[in-house]
Each structure stands twice: as structure tokens, then as C-alpha cells.
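Numbering (the numbering used here), first residue to last: 310 to 948.
Glycine included, each C-beta is placed from N, C-alpha and C at the ideal position.
Here's the structure we're looking at; comments come further down.
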């Protein structure tokens, strides 16, 4: 039977395909399936849709036909270049091939029966197959795979074409950009090569300014830092006999605008030095990732396409559930690079690139201008700005460190804020805000200032900076201000450290820029010990108003002595508690002898007669349970 259906579009339209009448199986099909013992039956229909031939394959379950249920469970529609499958009961469409039924039904899909030769011939004619030896089911599978491959190829070509049109406005790298890569991105890649000799003066060559000069033999040392006397740039000595081939690596990001999109281009830059210390080097770079923002970020990476016979850009799927512990180092590096786009940002086009975009007021140009040599995760910066617009104010007020901390770990409560004033948002006065900005402090230092304002602690700018430096912005030590001022405590500890540890005394009002990590840990250990000493003295009811108690002459000895006294007090209190528990216990040797036969009087304590305590049964049980817990080795047979 042939049905004519007019369709406006050439594409297969599901609503019209559903209207094609369903061919039911019959008694002859039932008799045939009982004999052939196949899993499925296929019946063929033909229709003309939009003046084009359409082949309809109706699939029936053999078990249903035997039960006289003659409706098909799915229908496969074929056009000249497409196919689609409709599952009737589930009312769903699929473009999966015929062999998918084997996994869904759990039966071999090859066991499909076609009852009449006419139907087999219709399938071969539709697919223009003249070889009668080819199985009809196999032919259907081949045609499905062929059509899927053609559609996949078209999608790939269309995707490549769309990406090429997207990146058509991307300009090639200019000479100015190359110079920026060489002299600013790889600024620290500068060396002074020298040839060791026993003469008084040694010949040296600077890799940056190409100057040749002589230095005294005692000055050059391999891998030692030195300032070039000609170009005045920081360099590293390299002995020609010790330096082989080596290279320096860095990352850079260039931002461009394409119509209503923002394109981020990530470059990997490398400066390679030749062996034998000649000072010659080659600059190489390549673009490895791109990120495009239009409502959200899309990431691309270059691959070689056999279709286009060249390198093309392909969109990268970003796993939202990426876990670092499940990956190797190089996969983690690749994931972080493409999702963060870290690197130094090209600064010369940032003024106009964000105009008319959601990032127009993100202040990235101001950040880069004041931090030219900082490798910034650009994608994180732009994403954080969309969630937290107050980031712009942090940058404009020179709070760059707080801004960087927000990129990696933005507090949840900050995302929900609608505050536009930085001082009101931080909850500190204008003086503390200026200190945050002047010393470029972070979130931990902000917590210190917040607590200082709460506890009404008054320190100068220099003292606040010194406190944050020495104690690594620990807020807990500020609570000691109730006993004495922080200034006096630190000055006292400095004297004790200078006396006991033979170390340098750092005061809050002095210069602490040269303090080492070990010295900081020493100060923190001493202030924790002083905190413990004050807590013990308070429990021992010492007079904490006396300066002799607060600041003893020999802190270590007094600290240890106070600890011993505090320990004695605790032991005494514990003995009192133990004595109260023992009032309800007495030794009963007779019961021990009756139950176990032991006569040793040191065997332990036993519960008094519970009935003497009270007539309340619950109380007697509670006393027995208490003794079992307190004296498990003594209160066994006596219970």
C-alpha cells in the first residue's frame, strides 16, 4: 500500500510520519513465526512524503504475535539520506541503528524474519541493491551506518565552518607583540655568560644587551645573581664550560574582540639558549588554547583535521566534576591551563577591547597596568567579576591581593552581597581601608584589622604591618590585649628571645622586613607559651594587674614553675572528685571469698549494701553502674 503525504520541508517531520497508518500483523504471520522461531518479524511499507520515497519498516515482537498482539513495537522510517526510529509504546524517537535493539531487548537482532519475497525485494529496490545474495537485515544495518556517517561528516564540516567564521576576525601576531613576549614576558630570562680563566679580568657577555665587558675573576660564579653594568638588568651568571642547552618557559594571554564576543588567546612562550654559553637564543611561541565568551565561556584547542587537511580549532568539553586526585600531573596542568588561562596579559589593547561587553568596567586594564609581570588567571578574573562586581572596587583601590584571593576562593556570602561601597562591605573604618590599600594586604590581614576595631586596639600603620608579618596575621593573639597592650607583649617577648635564644629582637615599631621564617615561628611559639602562662596564672588566682606577674624577668623558669603549680592544683581537684566517688564503695573480702575463693585484701573495692542507700531500685542500679565504670577491675564479684 502506498500513501501520499505532502510535506512542506524536505526534512523528515515527526508529526506527519506519525500519521502514516500502521500495518498490523495477521494470522499468517502468527503461523509463520511459530514455524521459523525468530525473535522479531519485519513488515515493509512504502509511502511518498513531499514527493519523495519513504520506506517504513515495522518491527513486531514474536512473543506478542503468538499471543495475537499484532501491533508493532517500533517503526523505522527511511528517506533518501536520512532515517529515524519511532518507539510506539514509549512515544519516543531515536536515531540509533538497528543493532541497538539487541542491547535493549536482550535478544539477537540478527534473528529478524521477513515473511514474503516481495518485501525483501522492496528493501533491495529502495537501497538500489542488485545483489540478491546480500541479506536484507544486513543491508538495512549498512545503510543506517552509512547515513549516520554522512550526517556526522556534515556536522563536523558545519562545526569547522562555524568555528572558522568565529575566528575569522582574529589577527595574526604583530612584531610589537613578539617584542613584548621577548622583553617583558621573559624578562627574567637574562644571563651573563663568562669563560673562566686564571687571569685577573674575565670576559663576559650579556644575553640581553649583547654587550661584552670584563669583570674581576672573583665576581662571576655559576648561577649567581648579578646586575649587568651596561643595561642595569638583573641577570644570572652562566659559565660556558658548565652551561649546556637550556630554555626558559612562560605563558601569555592576548584578549581580542570579535563583534559581540570576547576571545582570549593563550600562548606558550619559550626562550632556548644554545650550548657552550655563546649567549645566542631563539624565541619560540605557539597558541595552544582559546576561550570565547558569549553569555558563557567556550574553550577551544587546535587539532589536525583530515577533512580540511590543516590545523583547525575544536571545542573542548570541560568536565564539571573534574577531581584532581583522579588525574596525572600533565592532565591537571592541561585542565588548569584551559579553564584558567593563566599568564601575563598583553596590556596595549585592553582599553577598547571590553567596550560594549559585560566586562566594560571590570578594571582588568588597571590591574595589569599596576601588576605587569603577574601571571593572572584571566578566565577566573572575568568569571569572578560577573558573580562579584565589587571586585572592580578592590582593584581600583589597589587591594590587588584581596582581588587575587577572590579569584581562587570567593566566600559564598560575598556572592550574595548588594553592597557597592568597599568600606561598608569590609566593615572597617577608612583608616584601616587605607592601610589595606597601602600595604596591599589580603583577606587574613583584613580579619586582623576587623578584630582590632572590634577590640579597640590602637596601633600605628607600621605596628599593624609588623604584627601581621611576625605572627602571620593570626587574629587569636589579639585577645591578649585584655591583659596588656599588644605592643608591650611583643616588646617583652623580643627581650626574652634575645636573652634566651640569642636571636634578634624585633619590635612592632621597628623594621621587620628582614625577619626569617624560623624567627617568625620562634615569636609565635613564645606568644603561645605566654598565653598559656596567663591562663594558668588566672586559674591559680595570681594578681594579673601586677607587671611582675605579667612580665616575669625569667619567663622560661616562671612558665615551667607555674605549669607545675597548675598541675598540682588539677591533681588535687581530681583527688577530691575521686574521694567523693569512693564514699559509696568499701572492701568486702567475704563476698570475694565466697564467689571467687580469693583472700587477697589488695584485690579491690566493693559496693556497699545497695539496700542501705535507698529503697529506690533505680538509684541502687545507678550506683552499681557507676562503680562498674569507675573501678572495672574491683567491682566485678561485688555487684
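Rounded to whole angstroms, the separation of the alpha carbons of residue 594 and residue 473 is 22 Å. Residue 725 places its beta carbon 7 Å or farther from that of residue 751.
Approximately 11 Å separates the beta-carbon atoms of residue 773 and residue 821; this is outside 8 Å, ruling out the contact. Judged by pairs of C-beta atoms under 8 Å, the segment 786-800 touches the segment 835-853, as three or more such pairs exist. Between the alpha carbons of residue 673 and residue 688 lies a distance of about 11 Å. Per DSSP, residue 326 lies in no beta strand (DSSP E) segment; the continuous alpha helix (DSSP H) that holds it begins and ends at 323-327. For residue 704, the uninterrupted alpha helix (DSSP H) segment begins and ends at 700-705.
No residue range can be given for residue 425, since it is assigned to no beta strand (DSSP E) and is classified by DSSP as neither H nor E.
The bridge partners DSSP lists for residue 620 are 613. Counting along the chain, residue 596 sits inside the beta strand (DSSP E) bounded by residues 590-603. Cβ contact annotation for residue 428 (same chain, cutoff 6 Å, sequence separation greater than five): 353, in chain order. Note on geometry: alpha-carbon atoms of residue 811 and residue 870 lie some 23 Å from one another. With a threshold of 16 other beta carbon atoms within 10 Å, residue 671 meets it and is buried. In the three-state reduction of the DSSP assignment, residue 334 falls in the coil class, being assigned neither a helical nor a strand state. A buried status is given to residue 348, since no fewer than 16 other beta-carbon atoms sit within 10 Å of its beta-carbon. Under the three-state reduction of DSSP, residue 748 is assigned to coil, being neither helix nor strand. Counting only the Cα atoms, residue 867 lies some 50 Å from residue 700. Put simply, the segment 553-564 touches the segment 483-498. At least three CB pairs are less than 8 Å apart. Leaving aside the five residues that flank residue 746 on each side, the residues in its chain whose CB is nearer than 8 Å to its CB run, in chain order, 706, 707, 708.
Between residue 394 and residue 457 a beta carbon distance of about 12 Å is seen, past the 8 Å cut, so the two are scored as non-contacting. Distances from the CA of residue 321 to each of 396, 385, 433 were compared; the closest alpha carbon is that of 385.
Counting only runs that start and end inside the segment 639-706, the alpha helix (DSSP H) elements of at least 4 residues fall at 659-662, 673-679, 687-696, 700-705.
For the 7 Å CB-CB criterion, residue 515 and residue 528 do not form a contact.
Pairing residue 363 with residue 388 gives a Cβ-Cβ distance under 7 Å.
Per DSSP, residue 575 is not a residue of any alpha helix (DSSP H); the beta strand (DSSP E) it occupies stretches across 570-582. In this structure, residue 601 sits near residue 570, with a CB-CB distance shorter than 7 Å. Going by C-alpha positions, residue 612 is about 36 Å away from residue 552.
By the C-beta criterion, the segment 532-551 is judged not to be in contact with the segment 648-656, since fewer than 3 inter-stretch pairs fall below 8 Å. The distance from the Cβ of residue 351 to that of residue 367 is about 7 Å, consistent with a contact at the 8 Å cut-off. DSSP places residue 351 in the uninterrupted beta strand (DSSP E) bounded by 349-358. Here the alpha carbons of residue 476 and residue 332 stand approximately 52 Å from one another. A check of alpha carbon separations from residue 738 across 748, 755, 727, 729 identifies 755 as the nearest.
The C-beta distance from residue 526 to residue 509 rounds to 6 Å, short enough to fall under 8 Å. For the pair residue 380 and residue 335, the Cα-to-Cα distance works out to about 10 Å.
Within the segment 469-549, the runs of beta strand (DSSP E) that reach at least 3 residues and sit entirely inside it are, in chain order, 500-503, 510-515, 521-525, 534-536, 543-548.
For residue 733, same chain residues with a beta-carbon under 7 Å away, outside a window of 5 residues either side, do not exist.
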